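Chemist: In this note's numbering, each residue's number is its place in the sequence shown (first place is 1) plus 4. Note that beta-carbon positions come from the ideal geometry of N, C-alpha and C, so glycine has one too. Note that the structure is predicted; figures quoted are calculated from it, not measured.
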Amino acid sequence: EEIKVEVSVAHDFEDIVTSAFDATEFIGDGNQTFDSDVLKYEAAVDEANNNVISAESTIQSLQEELSTFDVRVPILEAEKKVAAAKRDFKAAGKASKEIKDALARKEQCEAELSGEAMERKQAAKEELQKVTLLLEEKKSIAAEKGKEASLKRIETLRERIAHLQSVVKELGVDPTDSDSINVACVGAFVIDSQISVLEAEGKALGEKFGGWETDAVEDSSNAADEANDVGDVPSDTVIDDDTLQEYATLAAE
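#1: From K207 to D41, what does the alpha carbon distance come to, in whole angstroms?
#2: Roughly how many angstroms separate the alpha carbons of D50 and K143, rounded to a whole number?
#3: Counting C-beta neighbours from all protein chains within 10 Å, is the total for I115 16 or more, i.e. buried, or is it exposed?
#4: Use the C-beta contact count for K84: other C-beta atoms within 10 angstroms, 16 or more gives buried, fewer gives exposed.
#5: On the CB-based measure, 16 or more other CB atoms within 10 Å of its CB, does L137 come out buried or exposed?
#6: Evaluate F93 with the Cβ neighbour count: other Cβ atoms within 10 Å of its Cβ, from every protein chain shown; 16 or more gives buried, anything less gives exposed.
#7: Between which two residues does the alpha helix (DSSP H) harbouring E114 extend?
#8: DSSP three-state call for G214: helix, strand or coil?
#9: Rank E148, V135, E203, V172 by C-alpha distance to the C-alpha of F193 and give the top, closest one.
#10: Helix, strand or coil for K149, going by three-state DSSP, please let me know.
#11: Please indicate yes or no: does the CB of G119 lie closer than 7 Å to some heavy atom of the ligand GTP?
#12: What would DSSP say about G267, mapped onto helix, strand or coil?
#13: K90 by DSSP, collapsed to three states: which one?
#14: Closest by CA to S61, which one among K125, K134, L168, E141?
#15: Can you give the Cα-Cα distance for S58 and S100, rounded to whole angstroms?
#16: Are the CB atoms of F73 and K44 nearer to each other than 8 Å?
#17: Measuring only the C-alpha atoms, how far is K90 from L80?
#18: According to the neighbour-count rule (16 or more other Cβ atoms, all chains shown, within 10 Å of its Cβ), is G191 buried or exposed?
#19: Ignore the nearest five residues each way along the sequence and tell me which others in K129's own chain have a CB closer than 6 Å to its CB.
#20: Between E102 and the rest of its own chain, which residues show a CB-CB distance below 7 Å, the 5 nearest in sequence each way excluded?
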């Protein structure tokens, strides 16, 4: 008769565990879309910043090149005069061509500095400002949605803990009583440890977003907390091999 009772409890415990440890509730993240937007705009900000740096580098290079003409052209003009005085028309012609090319390039650099290069820099700065503002907006939205999701999760944790506590009460055993080894005691012990896991999650969320009060789960057991350091999430493995073997034997009968 006692074996039948244990087997019946084992079957009930199997249903309870299936419900209490439902992994599907942890699948998915409602904030993935918002986090993805943040990553997208962080990349956009990096790209825009690189474009600004590139535009500024181009302007600096043009300015440095311009400064060389102030030295180079007078030297070429002097060389041309010397060559002309020596009636070295070939050298004079070469100097004259180099002067012409230098002045043409100088004019081109000045045009780029006052036009395309500056416009590119201005456009890059405006784009950087635009995506930076959008990034801050996306971060704000993601933070707000993250808080909403966390507070919703906290409420779910409270409900789950309250449900599991009522199950432990219905089993009518003390999960910390090591002298009692039966299906009900093992079940209570497993469920109690799961309560500790959920409480640890709620505490972590509460420290970040608020909304978690320890008195909201008054009846939860501290057995798993005593077995783990404060702040650590209790391990899911909380039953010794002998206890598991006894439960498996009873469940198989």
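Modeler: So, to answer that:
#1: Distance from the CA atom of K207 to the CA atom of D41, rounded to whole angstroms, is 28 Å.
#2: Here the alpha carbons of K143 and D50 stand approximately 15 Å from one another.
#3: It should be pointed out that residue 115 corresponds to Ala in this sequence rather than to Ile. By the neighbour-count rule (16 or more Cβ atoms within 10 Å), A115 is not buried but exposed.
#4: Around the C-beta of K84, 16 or more other C-beta atoms lie within 10 Å, and the residue is accordingly described as buried.
#5: It is exposed - the Cβ of L137 has fewer than 16 other Cβ atoms within 10 Å.
#6: F93 should be labelled exposed.
#7: In the DSSP assignment, E114 falls within the unbroken alpha helix (DSSP H) covering 93-118.
#8: In the structure shown, G214 sits in coil (DSSP, three-state: anything other than H, G, I, E or B).
#9: Distance check between F193 and each of E148, V135, E203, V172 places V172 closest, using alpha-carbon atoms only.
#10: Three-state DSSP puts K149 in a helix.
#11: Looking for the ligand GTP in the displayed structure turns up nothing, as the structure carries no ligands at all.
#12: A question about residue 267 goes unanswered here, because the residues of the chain that appear run from 5 up to 257.
#13: Three-state DSSP puts K90 in coil, outside helix and strand.
#14: Nearest of K125, K134, L168, E141 to S61, Cα basis: K125.
#15: The C-alpha of S100 is placed about 35 Å away from the C-alpha of S58.
#16: For F73 and K44, no; Cβs fall outside 8 Å.
#17: Answer to the nearest angstrom: the Cα atoms are 15 Å apart.
#18: Burial is judged here by how many other beta carbons sit within 10 angstroms of a residue's own beta carbon; G191 has at least 16 and is buried.
#19: V56.
#20: If we look at E102 and ignore the five residues flanking it on each side, its Cβ neighbours are L80.
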